[in-house]
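For reference, the structure is listed below as structure tokens.
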Amino acid sequence: MPEVVTAGEAMALLLAPQPGYLRHQTCLELRVGGAEANLAVALARLGFRVGFVGWLGQDELGELVLQRLRAEGVDVGQVRRIEAPTGLYLRERLPGGRGRVHYHRQGSAASRMGPGAFNSAYLEGCRIFHLSGVTPALSPSAADFARWAIEEARAQGALVSLDVNYRAKLWEEAAARAWLEEALPLVDCLFLSEEDARLWGLEGEGLLSKLQALGPRQVVLKRGRSGAVALVEDCWVEAEAFLVEEVDPVGAGDAFSAGYLAGLLWGRPPAERLELGNALGALVVSVPGDYEGAPSYSELADFLKRRFVVER
């Protein structure tokens, strides 16, 4: 059985390989993405037994997603295929460096999930169950699914991990905040970015303390190039970022969460968990794609050993 189970929407991704508007691109690269799928791949590459649960369409894009996850060593035995389209999104890099995402996920297979979407016995023996705030944003039934899945994971004794991952294109701030605050008493480890923090209008230690008071024992704030901070029980810790040349920022947050959770599974102290998260985030942004830069265990160890060494 898997040590870690993630649940959500894995999608096909069309990525513009060159900067510029999509209308001027002559070709697009076909890849796979999605917050929970990205995290699943990152942890599988580090050697963990990982399972992904979700619904995909009975279409070629669904087959693509399934094959890519399976090839990465992620267990997809609980993935269900239905007569609905697999989610799709497109990414472009606009002039000036700003990125833009276009979603085609309304009515997608994953948006039709609800309570009972997978066999909860699959969670037996699972150490960590992870999902993101993207999943409940897909539809009312998906919001019910996310809450049900969290409750089932807790009933099985798993640590529940939740990444806020707020997406303004999917739901309003008030709806997101309401769902999250209802779920937080059931969450053990909460991740959020500085952009996510705007949902509560607070910053720094005050924000983390407020969120911890709602339930999570570990609250982790991802700050990109400024590193990361966390409130673990009553301990405040922080770690500096690894400065690398950024090629593609998408997926960095998912990689960070994977690194932190890997540290948790390895029994590392909070400061080291943050360092591992920063390392995975740095490696992922160094190459195009949502998860392609996620390292193996040996690659991660090598990166950490030579982070202060200039190879000539």
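Residue numbers for the sequence shown follow my numbering, so the first one is 1077 and each next one is one higher. For glycine and all other residues, C-beta sits at the position ideal for the given N, C-alpha and C.
1. For the stretch 1316-1335 against the stretch 1355-1364, do three or more pairs of beta-carbon atoms, one drawn from each stretch, fall closer than 8 angstroms, so that the two count as touching?
2. Measuring straight from C-alpha to C-alpha, what distance separates G1365 and V1152?
3. Counting only runs of 3+ residues fully inside the stretch 1109-1180, write out the beta strand (DSSP E) ranges in chain order.
4. Between E1200, G1130, A1197, which lies nearest to R1188 when the distance is taken from Cα to Cα?
5. Do you know how far the Cα of A1377 is from the Cα of P1216?
6. Tell me the DSSP secondary structure of D1389 in three-state form.
7. Spell out the partners DSSP gives G1096 in its beta bridges.
8. State the Cα-Cα distance for the pair V1363 and W1255, rounded to the nearest angstrom.
9. Select from S1302, L1337, A1328 the residue whose C-alpha is nearest the C-alpha of V1295.
10. Tell me which residues share the same chain as L1307 and place their Cβ nearer than 6 angstroms to its Cβ, disregarding the 5 neighbours each side in the sequence.
11. Is the separation between the beta-carbon of H1178 and that of L1164 shorter than 7 angstroms?
12. Hey, out of L1142, R1125, K1298, whose CA is closest to G1133's CA?
According to the structure data:
1. Touching, yes.
2. On the sequence shown, residue 1365 is found 289 positions in, with the first residue counted as 1. On the sequence shown, residue 1152 is found 76 positions in, with the first residue counted as 1. Rounded to the nearest angstrom, the two C-alpha atoms are 21 angstroms apart.
3. 1126-1129, 1131-1133, 1156-1158, 1164-1169, 1175-1180, all fully within the stretch 1109-1180.
4. On the sequence shown, residue 1188 is found 112 positions in, with the first residue counted as 1. Selected option, being the one with the closest Cα: G1130.
5. The residue labelled residue 1216 in the question sits at position 140 within the sequence shown. The residue labelled residue 1377 in the question sits at position 301 within the sequence shown. Roughly 42 angstroms between the two C-alpha positions.
6. What the structure shows of the chain is the stretch from 1077 to 1388, and residue 1389 is not part of that stretch, so it cannot be assessed.
7. Indexing the sequence shown from 1 puts residue 1096 at position 20. Its beta-bridge partners are R1169.
8. Taking the first residue of the sequence shown as position 1, residue 1363 is located at position 287. Taking the first residue of the sequence shown as position 1, residue 1255 is located at position 179. Rounded to the nearest angstrom, the gap between the Cα atoms of V1363 and W1255 is 34 angstroms.
9. Stepping through the sequence shown from its first residue, residue 1295 is reached at position 219. Of the candidates S1302, L1337, A1328, the one whose C-alpha sits nearest the C-alpha of V1295 is L1337.
10. Translated into positions along the sequence shown, residue 1307 becomes position 231. By the criterion of a C-beta distance shorter than 6 angstroms, L1307 is surrounded in its chain by L1284, Q1288, V1295, once the five residues flanking it on both sides are discounted.
11. Position 102 of the sequence shown, counted from the start, is the residue given in the question as residue 1178. Position 88 of the sequence shown, counted from the start, is the residue given in the question as residue 1164. In this structure, L1164 does not lie closer than 7 angstroms to H1178 by Cβ.
12. What you label residue 1133 is simply residue 57 of the sequence shown in a count that begins at 1. Out of L1142, R1125, K1298, L1142 has the C-alpha closest to the C-alpha of G1133.
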